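For what it's worth, the working numbering labels the leading residue of the sequence shown as 2, then goes sequentially. We put the CB at the ideal spot given by N, CA and C, even for glycine. No experiment lies behind these values; they were computed from the predicted model shown. Data first, discussion second: the structure below is written as structure tokens.
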Amino acid sequence: MKQQVIIGMDIGTTSTKAVAFDESGQVLFQEAVEYSILSPEAGYAEQDPGVVFQAVLTTLKAVAKQLQAQDDHTLAGVCFSSAMHSLIAMDAAGQPLTNCIIWADTRSKAYADSLKGSAAGHAIYLETGTPLHPMSPLPKLCWLREQQPEVFRKAHKFIGIKEYVLFRLFGKYKIDYSIASATGLFNSRTLDWHQAALDVAGITPDRLSELVPPTYTFRELRPGFAALLEVPATLPFVIGASDGCLANLGANAVHPGDAVVTIGTSGAVRVMSGKAAADPLERIFSYMLAPEHFVLGGAMNNGGVVLRWFRDNFYTLEAASETGDFYDLLCRKAAGIPAGADGLLFLPYLLGERAPIWDANARACFIGVHYTHTREHFLRALLEGVIFGVYSMGQALEQTTGPITAIYANGGFARCQTWVQMLADVFNRKVSVSDTAEGSALGAAIMGMYALGIAANLETAAARMTSVSKTYLPDPATHELYRQSYALFENLYPKLKDTFTQLGS
Numbered sequence: 002m003k004q005q006v007i008i009g010m011d012i013g014t015t016s017t018k019a020v021a022f023d024e025s026g027q028v029l030f031q032e033a034v035e036y037s038i039l040s041p042e043a044g045y046a047e048q049d050p051g052v053v054f055q056a057v058l059t060t061l062k063a064v065a066k067q068l069q070a071q072d073d074h075t076l077a078g079v080c081f082s083s084a085m086h087s088l089i090a091m092d093a094a095g096q097p098l099t100n101c102i103i104w105a106d107t108r109s110k111a112y113a114d115s116l117k118g119s120a121a122g123h124a125i126y127l128e129t130g131t132p133l134h135p136m137s138p139l140p141k142l143c144w145l146r147e148q149q150p151e152v153f154r155k156a157h158k159f160i161g162i163k164e165y166v167l168f169r170l171f172g173k174y175k176i177d178y179s180i181a182s183a184t185g186l187f188n189s190r191t192l193d194w195h196q197a198a199l200d201v202a203g204i205t206p207d208r209l210s211e212l213v214p215p216t217y218t219f220r221e222l223r224p225g226f227a228a229l230l231e232v233p234a235t236l237p238f239v240i241g242a243s244d245g246c247l248a249n250l251g252a253n254a255v256h257p258g259d260a261v262v263t264i265g266t267s268g269a270v271r272v273m274s275g276k277a278a279a280d281p282l283e284r285i286f287s288y289m290l291a292p293e294h295f296v297l298g299g300a301m302n303n304g305g306v307v308l309r310w311f312r313d314n315f316y317t318l319e320a321a322s323e324t325g326d327f328y329d330l331l332c333r334k335a336a337g338i339p340a341g342a343d344g345l346l347f348l349p350y351l352l353g354e355r356a357p358i359w360d361a362n363a364r365a366c367f368i369g370v371h372y373t374h375t376r377e378h379f380l381r382a383l384l385e386g387v388i389f390g391v392y393s394m395g396q397a398l399e400q401t402t403g404p405i406t407a408i409y410a411n412g413g414f415a416r417c418q419t420w421v422q423m424l425a426d427v428f429n430r431k432v433s434v435s436d437t438a439e440g441s442a443l444g445a446a447i448m449g450m451y452a453l454g455i456a457a458n459l460e461t462a463a464a465r466m467t468s469v470s471k472t473y474l475p476d477p478a479t480h481e482l483y484r485q486s487y488a489l490f491e492n493l494y495p496k497l498k499d500t501f502t503q504l505g506s
């Protein structure tokens, strides 16, 4: 009997990946296409939606074609994971009026700050679970209404990047509960758009996509796409969920106290819960994976992008001559410097920051620079600073949801043993790494298996399709050193906050 295969499509910030998984969670084939973040002005962060759509077609076709050559496997369907918080204005003819404004965009900061400081904004946060920050489509819409009124008036629909891809493929505007729960416009208790948030944005529900569960399945590709992709026109396409929520599912972190730390371009700490929750201090998000499956946590702007920045600016010559994985080389160099980087600290806020400080004005800086510090000290401090940022979010999460008892690591950083060991040492918890670093794509495949009836429920599918490849145990002495370093780290931002505000004004 042929094994059924799901392709998990992961539409990310800097690349789209198509990964084919069988029923045991084994990766059969995968393809990826990278693309650039566009920044036409300071504070702007956009994608060309047409480029992203082409990346979906290219990767999906490549993987589907490889599967066709396998006699013992059959493609059962495709399921989507996608980055959250994107916004595209579409006209009545189905053409984009704007680029895709992504989570890293800060142009709507003034509108987010105004909402965050108001009673109305706090009430919206408590109902929607989406922190008030420029990442969110809610303040983005406020900015668009005030700064580009003609575009706002012409817009027939306001959608995200996954909605754009599926509209191009199927001609229907649909949004899953999971992506909707990250817009700041959705009430996860009523499973409907939140009227108070719509009033603030100045829109009505008909200008948004139709809300559907993450198991919703499209079955009729628009003419031409089946031939282009070389798949049946009736191949099931499951709408899926957000990348963050699916990363938890892809790690089998589905029990209270299980946390997933994902560091890709950005970073996040997330735990699963059976119900929505809100933090009176507005530090955490509460997003829906599926009804009765909520993911609580915090997302950070500054993950792997920080290491990429350091590589591109301070290891240019080495990167040009290195034939292997240059990130692996950087990890080995960082491992040669002692924990604590000989007193050098790094605040990792290159792109401002989301959780837990929610300050778009925050800046990155090195503290404690000494004549004896080398380039590799800065590299080590940079990696530690990112983990300290993750830990600060973990602490806020524990105060709201209870203790973190186990940590699962995924994302690109999971390939760097030095970085994952830092995570174990800072949290003083065992860290497990799954066999696949593509947690969101695997989570999408698990959701697809459930949606298409191949698995009885999400928990069963997650247990069957996930496995742990390596565990990292904390070193008590290193943890104590990091505990002291973190005490210094956590005091830096409050002391520098006003300076950052002045620099950003």
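The alpha-carbon of Y126 is positioned some 30 Å away from that of A463. Contact between I12 and S83 holds, since their C-beta atoms are separated by about 4 Å, short of 8 Å. The shortest CA-to-CA distance from G51 to any of A121, K110 and K163 is the one to K163.
Leaving aside the five residues that flank P206 on each side, the residues in its chain whose CB is nearer than 6 Å to its CB run, in chain order, W194.
Here the alpha carbon of V6 sits roughly 6 Å from the alpha carbon of A77. About 15 Å separates the beta carbons of G265 and M394, which is beyond the 8 Å limit, so they are not a contact pair. With fewer than 16 other Cβ atoms from the protein chains shown falling within 10 Å of its own Cβ, L229 counts as exposed. Beta-bridge partners of C101 (DSSP): Q48. By the Cβ-count criterion, S210 is buried, with 16 or more other Cβ atoms from all chains shown falling within 10 Å of its own Cβ. Only buried fits E283, as 16 or more other CB atoms lie within 10 angstroms of its CB. With fewer than 16 other beta carbons inside 10 angstroms of its own, T500 counts as exposed. Per DSSP, the unbroken beta strand (DSSP E) holding T17 starts and ends at S16 to F22.
With a cutoff of 8 Å on beta-carbon distance, G403 and P349 are scored as not near each other. The beta carbons of F54 and R169 sit closer together than 8 Å. In the DSSP annotation of this structure, the continuous segment of the alpha helix (DSSP H) that includes R484 starts and ends at P477 to G505.
The segment 25-44 and the segment 325-340 do not touch, with fewer than three beta-carbon pairs separated by less than 8 Å. In this structure the segment 237-253 touches the segment 442-451; the number of beta carbon pairs closer than 8 Å is three or more. With contact defined as three or more Cβ pairs closer than 8 Å, the segment 256-274 and the segment 288-308 are in contact. For N411, no alpha helix (DSSP H) encloses it; the enclosing beta strand (DSSP E) starts and ends at A407 to N411. Our two residues, A197 and G122, have alpha carbons roughly 9 Å apart in a direct line.
Under the three-state reduction of DSSP, I8 is assigned to strand.
Under DSSP, the beta-bridge partners assigned to K175 are E211. Around the beta carbon of E42, fewer than 16 other beta carbons lie within 10 angstroms, which makes this residue exposed. For G305, no beta strand (DSSP E) run applies; the uninterrupted alpha helix (DSSP H) run containing it begins and ends at G305 to F315, by DSSP.
Distance from the CA of V57 to the CA of I204, rounded to the nearest whole angstrom, comes to 30 Å.
Within the DSSP bridge table, the entry for V296 names M273 and Y288 as partners. The beta carbon of G258 sits closer than 8 Å to those of V272, G403, P404, I405, T406 and A407, all from its chain and outside the five residues before and after it, given in chain order. The shortest C-alpha to C-alpha distance from G353 to any of L345, G344, F347 and A363 is the one to A363.
As computed with DSSP, K158 is found in a beta bridge with M91. For D92, the number of other beta carbons within 10 angstroms of its own is below 16, and it is reported as exposed. Straight-line spacing of the CA atoms in L383 and L308 works out to 7 Å. Here G95 has F168 as same chain residues with Cβ atoms under 7 Å from its own Cβ, once five neighbours each way along the sequence are excluded.
Restricting attention to L380, A361, I338 and G268, the CA atom closest to the CA of N314 is found in L380. With contacts defined as CB atoms closer than 8 Å, Y483 and A356 fail to qualify as a contacting pair.
For Q31, the enclosing beta strand (DSSP E) starts and ends at V28 to E35.
Taking the Cβ atoms as the reference, T60 lies roughly 15 Å from T14, outside the contact range of under 8 Å.
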